[in-house]
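Visitor: One structure, as structure tokens, below. Some questions next.
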Amino acid sequence: KRRSCRRCRKDRRVLEAWGRSKEAFVEFIMPALETDLLHPEPQAEARKHKLKRLVQSPNSFFMDVKCPGCVSITTVFSHAQTVVMCGSCSQVLCTPTGGKARLTYGCSFRKKMN
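Position in the sequence shown (from 1) plus 1040 gives the number in the numbering used here.
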């Protein structure tokens, strides 16, 4: 008694699916996708790596940071690698971490669009 190899068994299943109907064959070869690749959910896109998104976009941005002491606005990079001080009162606005900069308690910010 001779055993058939895996490839032969798979080929037999493919031929059986082709014999039933074209829809069954397509479903056997390419099972239905759980997600829509052309219209992904925004939350899922935000979790992906910046190069793996449908449209590549950076994680970094510039922001306007308001100093809690003198209420002046300073532009800061989100991933700043140095300590950023206020220009007028020399208070620390943000400190670097391994990734994004950490804002000092009391500082408010908003993303710059352009």
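Backbone N, C-alpha and C define an ideal beta-carbon position, used for all residues, glycine too.
1) Do the segment 1108–1117 and the segment 1125–1142 touch if we need at least three Cβ pairs shorter than 8 angstroms?
2) Locate the alpha helix (DSSP H) running through residue 1150, then write down its first and last residues.
3) So who's on the other strand from residue 1134, going by DSSP bridges?
4) Use the C-beta contact count for residue 1103: other C-beta atoms within 10 angstroms, 16 or more gives buried, fewer gives exposed.
5) By the DSSP assignment, the beta strand (DSSP E) with residue 1115 in it spans what residues?
Guide: Concretely, from the data shown:
1) yes
2) Run containing residue 1150: none in the alpha helix (DSSP H); it sits in the beta strand (DSSP E), 1148–1151.
3) 1124, 1143
4) buried
5) 1113–1117
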